[in-house]
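Peer 1: Chains as they are written, first to last, in numbering that gives the first Met the number 0: chain A, 0 to 218; chain B, 0 to 218. Heads up, the beta-carbon is just placed ideally off N, CA and C, and yes, glycines get one too.
Protein chains: 2
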Amino acid sequence: MENLVPVGRFSKMTRLSVKALRHYDALGLLVPAVVDRSSGYRYYTYGQANRAEAIRVLRSLDMPLEEIREALDADDPQVAAKVLDRHRARLESELDRHERMLVFLGRLIDRKEGVMPYDVTVKEVPAQHVAAIRKHATMATIGQDVSSGFAAVGEAVGRAGAQMAGPPFIVMFDVIDEESDGDIEIAFPVAVPFAGAGDVVGEELPAMTVASTVHRGPY
Amino acid sequence: MENLVPVGRFSKMTRLSVKALRHYDALGLLVPAVVDRSSGYRYYTYGQANRAEAIRVLRSLDMPLEEIREALDADDPQVAAKVLDRHRARLESELDRHERMLVFLGRLIDRKEGVMPYDVTVKEVPAQHVAAIRKHATMATIGQDVSSGFAAVGEAVGRAGAQMAGPPFIVMFDVIDEESDGDIEIAFPVAVPFAGAGDVVGEELPAMTVASTVHRGPY
DNA sequence: ACTTGACGCTCCTGTAGGGGGAGGTCCCAG
DNA sequence: CTGGGACCTCCCCCTACAGGAGCGTCAAGT
Numbered sequence: 000m001e002n003l004v005p006v007g008r009f010s011k012m013t014r015l016s017v018k019a020l021r022h023y024d025a026l027g028l029l030v031p032a033v034v035d036r037s038s039g040y041r042y043y044t045y046g047q048a049n050r051a052e053a054i055r056v057l058r059s060l061d062m063p064l065e066e067i068r069e070a071l072d073a074d075d076p077q078v079a080a081k082v083l084d085r086h087r088a089r090l091e092s093e094l095d096r097h098e099r100m101l102v103f104l105g106r107l108i109d110r111k112e113g114v115m116p117y118d119v120t121v122k123e124v125p126a127q128h129v130a131a132i133r134k135h136a137t138m139a140t141i142g143q144d145v146s147s148g149f150a151a152v153g154e155a156v157g158r159a160g161a162q163m164a165g166p167p168f169i170v171m172f173d174v175i176d177e178e179s180d181g182d183i184e185i186a187f188p189v190a191v192p193f194a195g196a197g198d199v200v201g202e203e204l205p206a207m208t209v210a211s212t213v214h215r216g217p218y
Numbered sequence: 000m001e002n003l004v005p006v007g008r009f010s011k012m013t014r015l016s017v018k019a020l021r022h023y024d025a026l027g028l029l030v031p032a033v034v035d036r037s038s039g040y041r042y043y044t045y046g047q048a049n050r051a052e053a054i055r056v057l058r059s060l061d062m063p064l065e066e067i068r069e070a071l072d073a074d075d076p077q078v079a080a081k082v083l084d085r086h087r088a089r090l091e092s093e094l095d096r097h098e099r100m101l102v103f104l105g106r107l108i109d110r111k112e113g114v115m116p117y118d119v120t121v122k123e124v125p126a127q128h129v130a131a132i133r134k135h136a137t138m139a140t141i142g143q144d145v146s147s148g149f150a151a152v153g154e155a156v157g158r159a160g161a162q163m164a165g166p167p168f169i170v171m172f173d174v175i176d177e178e179s180d181g182d183i184e185i186a187f188p189v190a191v192p193f194a195g196a197g198d199v200v201g202e203e204l205p206a207m208t209v210a211s212t213v214h215r216g217p218y
């Protein structure tokens, strides 16, 4: 197999850019069969087009070069299949994420109000009496927690005949996201101190500065 | 609004990393309300959390920072909607591509033969007589061109009663891909010189070195 | 007033996969 | 032997940050 082609022709054969070929050489992923010592010229055999084609296909699937190497250098074809399958799983989850993003983005575009889902403002809140329930919430249960909390506090306030002194609110004590959970408090401002009933307690919140956001619509 | 927070607290408020916030500052995308001349400390107002939140949301949709700036700095909300829509289109085409890639990757995994769709080898081919038809093909029509070409050549060879001297093959004179088309020749080797009939011509191909690949199965 | 520890700063490097260009060398045909 | 195209090595550029080095600052406790 003495038929050697320089990089430009190999590039046309394989539809890989010359830059890419040099890059793969540098990484040891696709090393030319012959490299002229003095001139540095790269020469490939026709047979190397196989590997080049495989790389091109896998790259078109957005597979990282390191994994391509792993798949191609695996002696066992099952190992190669495993690498491919791992990548397939990644692609699938990416696909999922993109689908969700599209839905979300569609909602963003529909609602013309602007880009902001919420509008954060800063308020000085005077000291106030509230009836409140404290719960531990995770990202998964927060919807349920909030609605059951609202129900519980609303019922307790109603039974006590207390007068509401403003819109109900939720206080988040921690950042709640995919990885970490934390406490939330569902609170109804009341006109007079609230005695407490069951899990629902009465407290006096001191005056403070809060960052607040108003949510409209369903949970 | 004199309530200023340093970068660490702002980072926790907005769930943007400190690194990201500094990056957005450097790009002028989200510039702190106050930067201390002597210490360089960044201080943000609570109100800036709005813009930060918008950035966070749009980044979670993989929107480039430049487009986020474009959308947020647009006075006209319609312009912002257009930017979002453009991004939606991009996401959709990405989604499409990923779906196709998944199908393709699935096929790659199923067929255990290895990663290679084709296997390129190099052969020395002696001079031979062929009956051939030459066609101009594009990526879109190549399947049709090849099958009709096979039919035409096969019929002409059969009518002439010529003996086939080997498996039929296709010669590509140019690279044919999405952007460019070119000529292809469908050729049947024949034992004796072929006279030609209609579009099907007889020629003698000289001895040469070819890179060939064998395709099994349907077109 | 001083220390300490958390927090903040800038600057540098690295990531994946190359693109683009400068400046110089090599090869092949006429 | 000369021209031009092909090829070489460096180097900087891109996204959207992350990680770390090395050093300055802020606030609280002593």
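Between the region 87 to 99 of chain A and the region 90 to 108 of chain B, can you find at least three pairs of beta-carbon atoms closer than 8 Å?
Peer 2: With the cut-off at 8 Å, the region 90 to 108 of chain B and the region 87 to 99 of chain A touch.
Peer 1: I want to know whether the region 35 to 43 of chain B touches the region 69 to 81 of chain B - three or more CB-CB distances under 8 Å.
Peer 2: With the cut-off at 8 Å, the region 35 to 43 of chain B and the region 69 to 81 of chain B do not touch.
Peer 1: Residue 87 of chain A versus chain B: which residues are under 8 Å apart at the beta carbon?
Peer 2: Under the 8 Å cutoff, chain B gives 101, 104, 105 and 108.
Peer 1: Could you give the DSSP three-state label for residue 115 of chain B: helix, strand or coil?
Peer 2: Note that residue 115 of chain B scores a pLDDT of 48, beneath 50, so its modelled location is shaky; the value from the coordinates is reported in the next line. Three-state DSSP puts residue 115 of chain B in coil, outside helix and strand.
Peer 1: Tell me which residues share the same chain as residue 219 of chain B and place their Cβ nearer than 7 Å to its Cβ, disregarding the 5 neighbours each side in the sequence.
Peer 2: Chain B is shown from 0 up to 218; residue 219 of chain B falls before or after that span and cannot be answered.
Peer 1: With 16 other CB atoms within 10 Å as the buried threshold, where does residue 48 of chain A fall?
Peer 2: Buried, since its Cβ has 16 or more Cβ neighbours within 10 Å.
Peer 1: Does the beta-carbon distance from residue 64 of chain A to residue 50 of chain A come in below 7 Å?
Peer 2: Result no, Cβ atoms of residue 64 of chain A and residue 50 of chain A do not sit closer than 7 Å.
Peer 1: Could you name the residues of chain B that residue 22 of chain A contacts, counting a contact when the two beta carbons are closer than 9 Å?
Peer 2: What residue 22 of chain A touches in chain B: nothing, since even the nearest Cβ is about 20 Å away.
Peer 1: Should residue 54 of chain B be flagged as near chain A, meaning a C-beta pair shorter than 7 Å?
Peer 2: Chain A contact via Cβ: absent.
Peer 1: Going along chain B in order, which residues have a C-beta closer than 8 Å to the C-beta of residue 91 of chain A?
Peer 2: Within chain B, the residues near residue 91 of chain A are 101.
Peer 1: Do the CB positions of residue 17 of chain B and residue 10 of chain B come within less than 7 Å of each other?
Peer 2: Yes, these two residues count as a Cβ contact at 7 Å.
Peer 1: Under three-state DSSP, which class holds residue 177 of chain A?
Peer 2: Unreliable placement is indicated for residue 177 of chain A, whose pLDDT of 43 sits below 50; no coordinate value is reported for it.
Peer 1: Output the residue ranges of the alpha helix (DSSP H) runs that lie fully inside the region 29 to 108 of chain B and measure 4 residues or longer, sorted by chain position.
Peer 2: Those alpha helix (DSSP H) runs which fall completely within the region 29 to 108 of chain B and span 4+ residues are 47 to 59 and 64 to 72.
Peer 1: Among A:31, A:202, A:43 and A:96, which residue has its Cα nearest to the Cα of residue 192 of chain A?
Peer 2: Among A:31, A:202, A:43 and A:96, the Cα nearest to that of residue 192 of chain A belongs to A:202.
Peer 1: Going by other Cβ atoms of all chains shown within 10 Å of its Cβ, with 16 needed for buried, is residue 83 of chain B buried or exposed?
Peer 2: With 16 or more Cβ atoms within 10 Å of its Cβ, residue 83 of chain B is classed as buried.
Peer 1: Skipping 5 residues on each side, what residues in its chain have a beta carbon closer than 6 Å to that of residue 6 of chain B?
Peer 2: If we look at residue 6 of chain B and ignore the five residues flanking it on each side, its Cβ neighbours are 17, 20 and 41.
Peer 1: Going by alpha carbons, who is nearest to residue 194 of chain A out of A:22, A:130, A:134 and A:186?
Peer 2: For the residues A:22, A:130, A:134 and A:186, the minimum Cα distance to residue 194 of chain A belongs to A:130.
Peer 1: Output the distance between the C-alpha atoms of residue 8 of chain A and residue 96 of chain B, rounded to the nearest integer angstrom.
Peer 2: Their Cα atoms are separated by approximately 29 Å.
Peer 1: Of all the options A:132, A:197, A:59 and A:199, which has the alpha carbon lying nearest to the alpha carbon of residue 185 of chain A?
Peer 2: Ranking the options by Cα distance to residue 185 of chain A, first place goes to A:132.
Peer 1: Within its chain, find whatever has a CB closer than 7 Å to the CB of residue 33 of chain B; leave out the 5 residues flanking it on each side and keep chain order.
Peer 2: Here the set comprises 3 and 42.
Peer 1: Taking 6 Å as the limit between beta carbons, can you name the residues of its chain near residue 66 of chain B, skipping five residues before and five after?
Peer 2: Around residue 66 of chain B: 82.
Peer 1: Using C-beta distances below 6 Å, list every residue in its chain close to residue 12 of chain B, excluding the 5 sequence neighbours before and after it, in chain order.
Peer 2: Cβ within range, chain order: 48.
Peer 1: Note down the Cα distance separating residue 46 of chain B from residue 52 of chain B, rounded to an integer number of angstroms.
Peer 2: So the alpha carbons of these two residues sit roughly 10 Å apart.
Peer 1: In terms of DSSP beta bridges, what is residue 26 of chain A paired with?
Peer 2: Answer by DSSP bridge pairing: none, since residue 26 of chain A is not bridged.
Peer 1: So for residue 186 of chain B, helix, strand or coil by DSSP?
Peer 2: Reduced to three states, the DSSP call for residue 186 of chain B is strand.
Peer 1: Considering only DSSP beta bridges, list what residue 5 of chain B is partnered with.
Peer 2: Looking at the DSSP assignment, residue 5 of chain B forms a beta bridge with B:42.
Peer 1: Quick check: what's the CA-CA separation for residue 73 of chain A versus residue 31 of chain A?
Peer 2: Their Cα atoms are separated by approximately 20 Å.
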